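Following the numbering used here, the numbering of the sequence shown begins with 19 at its first residue and continues without gaps. Here is the structure we will look at.
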Amino acid sequence: MKEKKISLVLGSGGARGIVHIGIIKWLEEHHYTIESISGCSMGALIGGFYAAGKLDAYTEWLRNIDMIDMFKLLDFKGSGGFISGKKLMKTLEEILGQHSIEELPIKFTAVATDIDAQKEVWINDGPLLNAIRASISLPLFFTPYNYKGKKLVDGGVLNPVPIAPTFHDSTELTISVNLGGERVEHDLLAKPKKSKSLSTTFQKYINSVAIPDSLTKDGMYEIANNSFDTMQSSIARMKLAAYPSDIEIDIPVNLCGTFEFNKADELIEYGYKICETIEALKETN
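Structure representation (structure tokens):
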């Protein structure tokens, strides 16, 4: 069967972005060749690791890390955000290694937001890890990233599904993955066995590092997180209506929580299986 050359747009949405791994796996197994990736936040991270040929290593690490190990990577020494991100990025560097975007075999663009200029920033050159760090700078949580004198935060603030960087690609199809799809009324993921409540674990760890109670009391953290998801979902709908991709894969915004990385296996499986339900994907096979 003839390989189909595609541009892949991977959206932002925290742990929901793990579905990107399952989607990529399905595309590879069904004769799609990914020649270009545009990613935002978790989409930039997954897309960057894939472009560098290190997605399998990242997936293996993700599947084996538990929530306590994950929290240990969070250094509460940030400025402009609770987390500086240095410990996390050091761990990611151990998995990924050093790569220059220009030397990747796949065209890659990470999208971030210049918070002062209120503009998108497309990063398609320089160190790959720097581009990923800039794009995942979730407001309030991560310290903004200084890039060429610009203060950058999560690209999802302005463009959760960054299709524009693919406009001039010479590929046959553009496939976008929107992690801010419509909510569903029932659980789509089985809860991990023998796993403590994420909110309980997160609360205890926050308390252990003496973060002010105001972060979590009265549901303030949950409200802030849900507000950001709501904003991203609304922006994504408008962007996709104005600039639709050839094939759009929508993931329910309430599929899992922003930090539920302990559901990696279920999320990867969900991403793989949802591709089987997309009629447009079936028709191109």
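Note that the Cβ used here is the ideal one computed from N, Cα and C, for glycine as well. Quick caveat, the model's predicted, so the values are computed rather than measured.
Residue i versus residue j: straight-line alpha-carbon distance, rounded
i	j	result
G40	R34	11 Å
G198	S263	15 Å
S251	S118	31 Å
I86	N280	10 Å
I81	D283	Note on residue identity: the sequence assigns Arg, not Ile, to residue 81. In a straight line, the C-alpha of R81 is about 7 Å away from that of D283.
I150	T295	30 Å
F160	E278	17 Å
D247	L122	31 Å
I224	F94	Low per-residue confidence applies at I224: pLDDT is 47, beneath 50, and the placement is therefore not dependable enough to give any value.
L299	I269	15 Å
W44	I113	23 Å
I52	F185	15 Å
M275	S245	Met is not the amino acid found at residue 275; the sequence shown has Gly there. Distance between the alpha carbons of G275 and S245: 13 Å.
M60	E301	28 Å
V120	T77	In the sequence under discussion, the amino acid at residue 120 is Glu, which differs from the Val named in the question. Each residue's alpha carbon lies about 24 Å from the other.
A69	I42	11 Å
K90	I265	38 Å
R142	G173	First, the residue type needs correcting, since residue 142 is Asn and not Arg in the sequence shown. Approximately 14 Å between the Cα atoms of the pair.
A319	T109	Outside the shown range of the chain (19 to 303) lies residue 319, about which nothing can therefore be said.
K169	L207	36 Å
P162	G71	27 Å
P183	M249	22 Å
G144	E297	38 Å
L73	W79	10 Å
Whether residue i touches residue j by CB criterion (7 Å)
i	j	result
S30	K125	no
E111	L146	no
V129	N177	yes
S188	T127	no
I83	L28	no
R201	N272	yes
I24	I181	no
K22	E203	no
Which listed residue (the options) has its alpha carbon closest to that of residue i
i	options	result
I101	P157, S153 and Y288	P157
L26	G144, I292, I267 and L273	I267
V171	Q136, L92, A254 and A69	Q136
M88	D74, G71, M107 and A70	M107
G167	D132, L191 and M249	D132
Y290	T276, E47 and I253	E47
I286	E203, H38 and L91	H38
C58	H186, A152 and K90	A152
I312	I24, G32, T302 and E301	The structure shown has nothing for residue 312, since the chain only spans 19 to 303.
K104	L92, G115 and L114	L92
D134	A69, N244, K43 and V175	V175
H49	K20, I265 and W79	K20
V179	K72, E120, K257 and Y288	K257
V195	T109, K169, W79 and Y288	Y288
Exposure of residue i, with buried meaning 16 or more beta-carbon neighbours within 10 Å
i	result
A260	exposed
C293	buried
F67	buried
G115	exposed
A254	buried
A62	buried
N164	exposed
I241	exposed
I36	buried
Minimum Cβ-Cβ distance from residue i to chain C less than 7 Å
i	result
V271	Absent from the structure: chain C. Only one protein chain is present.
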